[in-house]
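Below is one structure, written out as structure tokens, with a few remarks after it.
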Amino acid sequence: MFKVSDIITTPPAEFSTELQRQVYATFAERGIPFGRVDTDPGLTMEDCQHIDAKIGVRIVKTIFVCNRQQTEFYLYVTTDDKPFVTRNFCGALGIPRVSFSSAEKLWELTGVEVGATTILSAILPQAAGVHLVMDRGVAESEWFACTDGTATCFVKLRTRDLLDKYLKDRELTLID
Numbered sequence: 000m001f002k003v004s005d006i007i008t009t010p011p012a013e014f015s016t017e018l019q020r021q022v023y024a025t026f027a028e029r030g031i032p033f034g035r036v037d038t039d040p041g042l043t044m045e046d047c048q049h050i051d052a053k054i055g056v057r058i059v060k061t062i063f064v065c066n067r068q069q070t071e072f073y074l075y076v077t078t079d080d081k082p083f084v085t086r087n088f089c090g091a092l093g094i095p096r097v098s099f100s101s102a103e104k105l106w107e108l109t110g111v112e113v114g115a116t117t118i119l120s121a122i123l124p125q126a127a128g129v130h131l132v133m134d135r136g137v138a139e140s141e142w143f144a145c146t147d148g149t150a151t152c153f154v155k156l157r158t159r160d161l162l163d164k165y166l167k168d169r170e171l172t173l174i175d
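Numbering (numbering that gives the first Met the number 0), first residue to last: 0 to 175.
Listed below in structure tokens is the structure:
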């Protein structure tokens, strides 16, 4: 059976990655309350359903894509049930075709491995050039839930706190 802890409101006692450490430090510095759950690796949609049930909100899907030249990178946050259609994504942004980025570039620019992609990595200096894109429906929801940069811990916070406090220094493009 898939393991999901009860909701915890403190950072992990030990951090698995530098990004994870910085996420919780930023929450503390910017006064952002959160709830989190520790889990088995949450890699499938079925796994996320167990997490959703415990945390009380649906985990977003975050996709990391790039242009053909691999010079422009995009972190796209959408609902877990929305299919990713490159034509629609590119049309909404007015950009040429994109494709999924390599695992190496994902790690280099966002400090996460495949399965742990998160908009929370936007605070890293090396992510400064990554374009942040979010579905308008996600931005307008009361709650936001995603990984903390690992595939074994998921956080829930108010979407306004994410947008106004956590991402306050970053430009975010909203699309339908």
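Glycine is no exception: its CB is placed at the ideal position from the N, C-alpha and C atoms.
Asked, Found
"Decide if the region 33–46 is in contact with the region 153–161; the criterion is three or more beta carbon pairs, one per stretch, under 8 angstroms apart.", "yes"
"To test your reading of the DSSP string, which unbroken beta strand (DSSP E) runs of 3 or more residues are found completely within the region 44–132?", "60–66, 72–77 and 97–99"
"From Thr78 to Phe88, what does the alpha carbon distance come to, in whole angstroms?", "14 angstroms"
"Express the C-alpha separation of Gly148 and Ala24 in angstroms, rounding to a whole number.", "13 angstroms"
"One question on the structure: do Ala144 and Ile58 come within less than 7 angstroms of each other, judged by their Cβ atoms?", "yes"
"Below 8 angstroms, how does it come out for the region 158–167 and the region 126–140: are there three or more Cβ pairs, yes or no?", "yes"
"Note the first and the last residue of the continuous alpha helix (DSSP H) segment covering Gly136.", "Arg135 to Ala138"
"Just reading off the alpha helix (DSSP H) that Leu161 is part of, what are its end residues?", "Where Leu161 is concerned, there is no enclosing alpha helix (DSSP H), given that its DSSP letter is neither H nor E."
"Check each candidate in Trp106, Lys53, Phe33 and Gly128 and name the one with the smallest Cα separation from Glu17.", "Trp106"
"Tell me whether the region 82–98 and the region 120–129 touch, counting them as touching only if at least three CB pairs, one residue from each stretch, are closer than 8 angstroms.", "no"
"Thinking C-beta only, is Val3 closer than 7 angstroms to Ile50?", "yes"
"Which residues mark the beginning and the end of the beta strand (DSSP E) in which Ala27 is found?", "It is not in any beta strand (DSSP E) - Ala27 instead sits in the alpha helix (DSSP H) that spans Glu17 to Glu28."
"So the candidates are Leu171, Phe33 and Thr9; which of them puts its Cα closest to the Cα of Ala127?", "Leu171"
"From Gly114 to Asp163, what distance separates their C-alpha atoms?", "26 angstroms"
"By alpha-carbon positions, which one of Met133, Leu92 and Val111 ends up nearest to Lys81?", "Met133"
"Checking 7 angstroms against the spacing of the C-beta atoms, do Val129 and Leu74 come in under that value?", "yes"
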